[in-house]
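Student: Just passing along the structure, written as structure tokens.
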């Protein structure tokens, strides 16, 4: 198994630790405060642990840890040392936090629908935060990371959605209540959507294509004023037959308006169109291995 702890450095280690604590705490709050008190199975190991805790005197946190052991063993050779170590840490933290928060935080039982919504959003945020660093809390989160290797184009949220459906079926049999499935479905659906939204939001960018006769000038302005690189391609107007240039640049959403304003100021006649990019690698954006 590859040792990829060293290349991360201390900065990477502390980031991993911070994300592990934050993500595990968010999921634990969702489980301890909203889903478990309302007999909602949030899917995955947490949902299965909730059902088993209902049948036995063993707590949800202990069941969650016990159920994760086989998955961690399966991931031993498939994940790198860093990801496996942090996943193990997050798994233990989640189990501890669930029991801890269950003891010290007030349970919300006033409205099952609101509990399902809050549980789904919080658990999605927690799992999404962990996924940003390639970490999971074990369970189906870990299964989704493992399945990401053979199925890299399937969104994490969709993977979790299908895996969790089986857990909900088990919970319905245990609690003997169809409403468990309905509220659990809401929780799982919202969780999957938040996970994908969070994952896409990190890499989400805008690709700007500019057809102009002042390519060098626009490129210079964008380089100097926005700090973004550009690519200039030769082009020809299909209607006019004139030689033109296509300037291509990628920018983040929060500076899109500024970038478009600079383009218009430099060449008011430029033809500009913008497309979405959900994943960008390279300087200034996502760097592989981080």
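In the working numbering, the protein residues as written are 15 to 304.
Backbone N, C-alpha and C fix where the C-beta goes; we use that ideal spot for every residue, glycine too.
What residues match up with residue 185 in a beta bridge as DSSP calls it?
Tutor: Here residue 185 refers to the residue found at position 171 when the chain shown is read from its first residue. Answer by DSSP bridge pairing: none, since residue 185 is not bridged.
Student: For residue 200, which three-state DSSP category applies?
Tutor: For the purposes of this step, residue 200 is identified with residue 186 of the chain shown, where counting begins at 1. Correct three-state label for residue 200: helix.
Student: Let me confirm a value: residue 319 is counted as buried when at least 16 other C-beta atoms fall within 10 Å, else exposed. Which label applies?
Tutor: With the chain covering only 15 through 304, there is no way to say anything about residue 319.
Student: Select from 110, 58, 73 the residue whose C-alpha is nearest the C-alpha of residue 138.
Tutor: Sequence index remark: in the chain shown, residue 138 carries index 124 (1-based). Ranking the options by Cα distance to residue 138, first place goes to 58.
Student: Is it true that the segment 202-214 meets the segment 231-238, where meeting means three or more beta-carbon pairs spaced less than 8 Å apart?
Tutor: No contact exists between the segment 202-214 and the segment 231-238.
Student: Is the segment 120-127 touching the segment 39-59 in the sense that three or more CB pairs, one from each, lie closer than 8 Å?
Tutor: Touching, yes, given that three or more Cβ pairs across the two stretches are closer than 8 Å.
Student: What did DSSP end up calling residue 291 once you bin it into helix, strand or coil?
Tutor: If you number the chain shown from 1, residue 291 lands on position 277. Correct three-state label for residue 291: strand.
Student: In terms of residue numbering, what span does the alpha helix (DSSP H) encompassing residue 130 cover?
Tutor: Residue numbering aside, residue 130 sits at position 116 when the chain shown is read from its first letter. Residues 126-145.
Student: Helix, strand or coil for residue 10 per DSSP?
Tutor: Nothing in the structure corresponds to residue 10, since the chain is present only between 15 and 304.
Student: Please determine, among 288, 44, 30, 29, the residue with the shortest C-alpha to C-alpha distance to residue 134.
Tutor: As a position in the chain shown, residue 134 is number 120, starting the count at 1. Considering only alpha carbons, the answer is 44.
Student: Among the candidates 259, 102, 184, whose CA atom is the shortest distance from the CA of residue 30?
Tutor: Residue mapping note: residue 30 aligns to position 16 of the chain shown, counting from 1. Ranking 259, 102, 184 by Cα distance to residue 30 puts 102 first.
Student: Name the two residues that bound the continuous beta strand (DSSP E) containing residue 69.
Tutor: Along the chain shown, read from residue 1 onward, the residue named residue 69 stands at position 55. Residue 69 -> not in any beta strand (DSSP E); alpha helix (DSSP H) instead, spanning 58-69.
Student: Please report the residue range of the beta strand (DSSP E) in which residue 245 lies.
Tutor: On the chain shown, position 231 is the one that residue 245 refers to. Counting along the chain, the beta strand (DSSP E) containing residue 245 begins and ends at 244-250.
Student: For a test of the three-state rule: what should DSSP assign to residue 118, helix, strand or coil?
Tutor: Your numbering for residue 118 matches position 104 in the chain shown. Residue state, collapsed to three classes: helix.
Student: Can you look up residue 149 in the DSSP assignment and give me helix, strand or coil?
Tutor: On the chain shown, residue 149 is found 135 positions in, with the first residue counted as 1. Looking at residue 149 - three-state DSSP - the assignment turns out to be coil, as it is neither helix nor strand.
Student: For residue 256, collect the residues of the same chain with a Cβ closer than 8 Å to its Cβ; drop the 5 residues on either side in sequence, then sort them by chain order.
Tutor: In the chain shown, residue 256 corresponds to position 242, counting from 1. Answer for residue 256: 227, 250, listed in chain order.
Student: Might you give, ordered along the chain, the residues of its own chain that have their beta carbon closer than 8 Å to the beta carbon of residue 25, omitting 5 neighbours on each side?
Tutor: Locating residue 25 in the chain shown gives position 11, counting from the first residue. Within the same chain, residue 25 has no close Cβ partners at all.
Student: Can you list, in chain order, the residues of its chain whose CB lies under 7 Å from that of residue 269, leaving out five sequence neighbours each side?
Tutor: The residue you call residue 269 lines up with position 255 of the chain shown. Excluding residues within five positions, the ones whose Cβ falls inside 7 Å are 240.
Student: Check for me: the beta strand (DSSP E) holding residue 225 runs from which residue to which?
Tutor: Counting from one through the chain shown, the residue named residue 225 turns up at place 211. Its beta strand (DSSP E) spans residues 219-226.
Student: Cβ atoms of residue 236 and residue 319: under 8 Å apart, would you say?
Tutor: Outside the displayed range of the chain (15 to 304) lies residue 319, so it cannot be described from this structure.
Student: Would you tell me roughly how many angstroms separate the C-alpha atoms of residue 252 and residue 222, rounded to the nearest one?
Tutor: Stepping through the chain shown from its first residue, residue 252 is reached at position 238. Stepping through the chain shown from its first residue, residue 222 is reached at position 208. Their backbone Cα atoms lie some 20 Å apart in a straight line.
Student: Would you kindly work out how many angstroms separate the C-alpha atoms of residue 261 and residue 175, rounded to a whole number?
Tutor: What you label residue 261 is simply residue 247 of the chain shown in a count that begins at 1. What you label residue 175 is simply residue 161 of the chain shown in a count that begins at 1. The straight-line gap from Cα to Cα measures roughly 41 Å.
Student: Quick one: Cα of residue 200 to Cα of residue 244, how far?
Tutor: Reading the chain shown from its first residue, position 186 is the one you call residue 200. Reading the chain shown from its first residue, position 230 is the one you call residue 244. Computed Cα separation, rounded: 44 Å.
Student: Buried or exposed for residue 145, going by 16 or more other Cβ atoms inside 10 Å?
Tutor: Start at 1 with the first residue of the chain shown, and residue 145 comes out as number 131. The residue in question, residue 145, is buried, as its Cβ has 16 or more Cβ neighbours within 10 Å.
Student: Could you pull the DSSP bridge partners for residue 256 from this structure?
Tutor: As a position in the chain shown, residue 256 is number 242, starting the count at 1. DSSP, once it has assigned bridges, lists no residue as partnering residue 256.
Student: Please report the Cβ distance between residue 186 and residue 194, rounded to the nearest whole angstrom; I am assuming they are in contact, meaning their Cβ atoms lie under 8 Å.
Tutor: Counting from 1 along the chain shown, the entry for residue 186 is found at position 172. Counting from 1 along the chain shown, the entry for residue 194 is found at position 180. Between residue 194 and residue 186 the Cβ distance is about 5 Å, and since that is below 8 Å, they are a contact.
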